[in-house]
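If you count the sequence shown from 1, position 240 lands on 240 in our numbering, and the numbers rise without skipping. Quick notes on the structure that follows.
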Amino acid sequence: MHTGESLVDSPAREVGPRAGKSRRAAQAGERDPVGDNGLFDHGGVDSLVGRGVALERIRGFLAATDRGGALLLSGAAGVGKTVLLDAVAETAVASGSRVLRAAGVEFEADVSYSGLNQVLFPLYEAFGELDTAHADALQVALGFGSGVPPERLVVSNATLMLLRHVAKAGPLLLIVDDLPWLDRASAAVLGFVARRLNGTRVTFLGAMRSGSETFFNRGGLPEYEVPPLDEESSHLLLNTRFPTLAARVRQRLLSVAEGNPLALLELPTVLSGEQRVALESLPVILPLSLRLQALFVSRVSVLSLAARRLLLLATLEGTGNLAVLQATAREAGYESDLEDLASAEQDGLVAFDEGTRRLVFRHPLIRSAVVDACTSAERRAAHRALAHVLVSQPERRAWHLGEASVEPDEQVAGLLDQAARSIAARGDAVGAVAALVRAADLSPHSSNRARRLAEAAYIGADATGQLRNASELLEGARLADPELIGSLHFAAAAVFLIINGDGDIDTAHRLLTGAIESGTHRYEATDGALIEALHLLLLLCFFSGRAELWEPLYATLRRLRPEPPALLSVAAKTFSDPVRSGAGALDQLESVLSDLQKESDPGRIVRAGTGSLYLDRLADVREPSWRVVFQGRDGGPPRRHVGALMHLCLDDYLTGRWDECLELADEGAQVCEDSGYHFFTWYFWYCRAVVAAARGDDEAVDRLTDQIIRWATPRGVGVALHYARHVRTVAESGRGDFESAYRNATAISPAGTFASHVPHALWVALDVVEAAVRTDRQTAAVAHVRAMREADIAALSPRLSLLAAGSAALCATDDDEAVRLFEEALELPGVERWPFDLARVHLAYGERLRRARANADSREPLRLAYDAFTLLGASPWADRAAKELRATGWGAPRTTASGEVLTPQEREIADLAASGLSNKQIAERLYLSHRTIGAHLYQIFPKLGITSRAALRDALEALEK
């Protein structure tokens with residue numbers, strides 16, 4: 001595999017098969033159309049055959065280097081991506097840019113941050129220019145220092161900051177070849193960086209084989225697929241490099257190569273002299289990919305034993321570090337040194353980068369060929385020697401020892417186990433699973449093997465979404481030690497498989513509570529497996545929607561010593577039965593949230609959101625949740641990605657960001673589908689449905705709630721049924737079907753009480769009261785208001801305070817008392833953060849005033865309600881407000897020619913502006929700022945299809961017609 005140069009600070013050498021070709025082509029006077037343009041008029045760059053279009057495309061990219069950006073090259077194996085990268089590097093250096101180069105390495109794909117180490121190693125001295133936190137993050141992640149493993153997002157930001165700092169001295173070009181072989185952590189960081197380079201002096205150029213799977217998230221990045229050479233260029237390349245080929249042989253090679261430059265350059269090299277001139281028949285040709293692989297193996301096999309051993313060490317070591325290769329060769333007892341690679345270099349298999357002192361493979365297939373050309377015993381010996389040399393790098397050492405071992409070895413298994421924990425701590429769940437599985441393979445005792453397989457299954461199921469693999473690992477653990485079935489890791493992994501399959505909540509709950517009660521953890525709060533199991537049990541209890549399932553969790557929490565962790569304690573009070581225990585968690589939640597902005601663990605961020613939901617504190621988790629989402633989009637743990645999306649969606653609904661809510665719900669549903677976490681999809685169905693309910697999309701409401709109910713009922717997911725009933729309640733209240741709204745709202749929690757352990761009862765508290773009042777159930781309405789007051793739900797959040805106060809006003813029988821209560825509700829601090837709930841209270845207030853025949857006074861709250869509902873797109877609710885407004889004598893809102901509606905406030909501003917008043921005069925009359933008036937006019941003009949104030953009068957007159 002081609003590893004690429006880590007740094008080019010001098011004119012790049014020609015590498016790969018094109019080196020000899022370009023010299024000959026230059027001597028023959030060959031020119032490419034791009035060669036006459038200055039950017040690529042540097043030595044041999046202009047003589048690349050048939051690559052004028054590709055170089056033109058990349059030239060345009062480089063020309064924008066002062067603006068920064070990213071471009072990906074893709075194409076078939078051997079199509080010439082690396083050669084193009086070489087040409088670009090040469091051109092960039094000649095133009096005064098600094099070039100950093102790296103490439104994915106197959107045998108380091110499980111070593112976290114190995115690719116990023118290649119990229120940033122030449123910039124090590126610049127780490128000190130960063131602030132301490134980011135510098136330390138890079139030091140630890142790249143293996144230059146020790147400390148707490150940093151969160152990937154911190155490493156990503158540190159990398160971006162470092163590159164931008166270095167680019168201050170001049171344009172910086174980052175070239176990364178073989179993206180599919182990058183380790184997951186490096187791929188995530190580089191993907192993060194690549195999408196954030198616009199406006200910088202840093203540019204990113206990456207290359208990958210078309211159709212290859214990669215951890216590098218290329219979504220949203222421009223991509224150019226390098227095509228095969230056309231027929232004319234293929235002829236030219238073959239004739240220039242091999243001018244003595246017989247016509248019949250040349251035609252056969254052209255047919256097989258199908259425009260693949262690597263095949264055109266490599267296929268003739270294995271032909272004998274007689275075959276080239278058609279004196280001997282050509283052999284039967286295999287499909288191109290298989291033939292090229294065989295060709296590479298044959299080229300490696302003819303090398304000396306010393307050369308093959310060194311190439312094997314370089315292949316398995318991965319970085320091409322010459323010092324490590326030399327030391328490893330001595331450790332292995334090879335009677336060879338680097339001079340023995342001369343034949344491989346002369347044959348175009350490898351090259352030496354003098355600047356970075358690294359060995360570079362010409363093509364990825366050469367690495368595979370080297371491995372295929374060696375025996376398994378030779379590979380194990382090479383791994384063993386590398387392990388002895390890499391003593392200062394415990395993760396890589398453990399991996400090489402694991403590959404070198406053929407018999408069970410608890411010492412090696414233990415090293416891999418330790419490596420897995422450090423890998424998992426920095427968020428690389430896939431790498432941790434791989435290390436644990438290998439550790440299990442090498443475990444002499446079945447109990448250790450089973451334990452490691454179970455832990456690997458849990459990590460895989462909890463974070464990576466690899467549920468099928470988790471199932472296989474659990475089966476392996478069960479076979480290794482049937483007694484392990486009751487272990488916490490085994491049970492937790494099994495729970496994920498149950499709920500994401502067709503299993504039910506009760507079965508999952510029994511399995512997990514049984515494992516907790518029979519565990520050997522001694523109820524120590526420092527036992528990580530126990531705390532993870534309790535967080536999972538908390539979710540199962542919540543999903544059930546039934547109070548009785550919470551008792552085993554509470555019993556365990558009471559036994560924890562010295563005390564439950566803060567996150568678990570908070571969630572157990574606020575996510576379970578917040579009406580009764582939420583107030584007792586307020587101070588502890590405040591403490592958790594105060595430290596959240598510095599939190600880097602995505603799991604802790606999501607759990608903080610869980611504890612914040614029913615106390616309406618999701619706003620405090622919003623920015624950290626977005627960090628988790630961005631990390632998920634860059635390849636981070638999908639379950640945390642899903643959790644953060646859930647909380648953002650719910651906060652979006654409550655705070656009126658409904659369009660964003662729908663977008664994130666679509667993303668969440670897709671992540672669930674792609675990752676295998678099918679269980680959590682219902683959350684996103686709910687988010688879509690509740691927005692549809694408020695906006696009057698009855699078809700979507702019926703479809704989505706039916707879907708939720710059909711899915712949740714056989715699985716015992718009672719809370720999903722509550723959520724579905726909430727959706728229907730909102731839809732029915734909007735269209736004035738209060739009888740149906742009352743039935744659905746009270747099915748969640750009966751009027752006059754808050755059902756035990758039904759937290760969503762808080763979200764329908766106002767609905768119960770309004771529906772009761774509208775259906776002449778005054779006694780039920782009063783009882784529910786009393787329940788709100790006795791539970792003091794107003795103390796839980798400003799939103800619940802608004803709902804409680806609005807409910808009390810709704811069921812007041814005396815008009816004066818109702819007016820006082822409504823005004824008190826609307827004057828509560830912070831209520832503007834909840835536009836839909838606030839608009840509902842305004843609507844109820846206006847309705848009450850109008851029924852009390854205070855028409856003039858009712859217009860303001862009704863207008864505010866109408867404006868808010870219109871802005872949200874809540875059509876049924878806006879229609880209710882408009883109907884009330886018309887009953888007061890207010891002019892009905894008119895639809896413009898474009899189909900848009902002028903709100904009452906917009907119409908009033910437009911009329912005043914048409915009369916000749918200035919923005920300042922209008923502002924004084926309406927008690928608004930002149931900037932607010934300007935903003936309204938900015939919205940009004942396009943609605944009316946005009947561009948100036950002078951056209952207002954005519955447009956308004958036309959509107960009346």
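Glycine is no exception: its CB is placed at the ideal position from the N, C-alpha and C atoms.
Between the stretch 653 to 663 and the stretch 178 to 193 there are fewer than three C-beta pairs closer than 8 Å, too few to call the two in contact. Under the three-state reduction of DSSP, residue 224 is assigned to strand.
In this structure, residue 416 keeps its C-beta atom at 9 Å or more from the C-beta atom of residue 387. According to DSSP, residue pairing for residue 208 in a beta bridge involves 74.
One alpha carbon belongs to residue 958, the other to residue 588, and they sit about 60 Å apart. Contact annotation: the stretch 153 to 162 does not touch the stretch 73 to 86, with fewer than three C-beta pairs closer than 8 Å. Judged by beta-carbon spacing, residue 406 lies beyond the 9 Å limit of residue 184, meaning their Cβ atoms are not closer than that value. In terms of Cβ geometry, residue 617 and residue 650 do not form a close pair [threshold 9 Å].
The count of Cβ pairs closer than 8 Å, one atom from the stretch 475 to 494 and one from the stretch 441 to 456, reaches three, so the stretches are in contact. For residue 136, the enclosing alpha helix (DSSP H) covers residues 132 to 141. Here residue 222 is exposed. Its C-beta has fewer than 16 other C-beta atoms within 10 Å.
For residue 172, the secondary structure class from DSSP, reduced to helix, strand or coil, is strand. Taking residue 201 as reference, the option from 648, 237 and 171 with the minimal CA-CA separation is 171.
Comparing C-alpha distances from residue 81 to each of 209, 50 and 769 shows the shortest one belongs to 209. The alpha-carbon separation between residue 866 and residue 843 amounts to approximately 8 Å. Residue environment: residue 118 is assigned as buried (16 or more neighbouring CB atoms within 10 Å of its CB, all protein chains considered).
Counting every other CB atom within 10 Å of its CB across the protein chains shown gives residue 771 a total of 16 or more, marking it as buried.
Taking residue 225 as the centre and dropping the five residues before and after it, the same chain places the C-beta of 74, 75 and 210 closer than 7 Å to its C-beta, in chain order. Under the Cβ criterion (8 Å, minimum of three pairs), the stretch 129 to 140 does not count as touching the stretch 97 to 110. Residue 217 sits buried, since 16 or more C-beta atoms from the chains shown fall within 10 Å of its C-beta. Taking C-alpha positions only, residue 744 is separated from residue 728 by approximately 7 Å.
For residue 353, the enclosing beta strand (DSSP E) begins and ends at 350 to 353. Residues 615, 616 and 617 of the same chain have their beta carbon placed closer than 8 Å to that of residue 797, with the five preceding and five following residues left out of the count.
With 16 or more neighbouring CB atoms inside 10 Å of its own CB, residue 723 falls in the buried class. Taking the C-beta atoms as reference points, residue 350 is found no nearer than 9 Å to residue 312.
Counted as a single uninterrupted DSSP element, the alpha helix (DSSP H) harbouring residue 886 occupies residues 875 to 887.
Residue 744 sits in a helix when the DSSP states are folded into three classes.
Residue 83 and residue 124 have their C-alpha atoms some 28 Å from each other. Going by DSSP, residue 103 is part of the beta strand (DSSP E) stretching over 98 to 103. Residue 679 has its alpha-carbon roughly 16 Å from the corresponding atom of residue 705.
When DSSP assignments are scanned along the stretch 323 to 389, the uninterrupted stretches of alpha helix (DSSP H) that are 4 or more residues long and fall wholly within it turn out to be 342 to 346, 364 to 372 and 376 to 389. Among the bridge pairs identified by DSSP, residue 69 is matched with 203. At the C-beta level, residue 577 and residue 784 stay beyond 9 Å of one another.
Look at the beta carbons and you see the stretch 798 to 808 touching the stretch 758 to 778: at least three pairs across the two are nearer than 8 Å. Straight-line measurement puts the Cα of residue 538 at about 38 Å from the Cα of residue 822. When DSSP states are grouped into helix, strand and coil, residue 659 belongs to the helix group.
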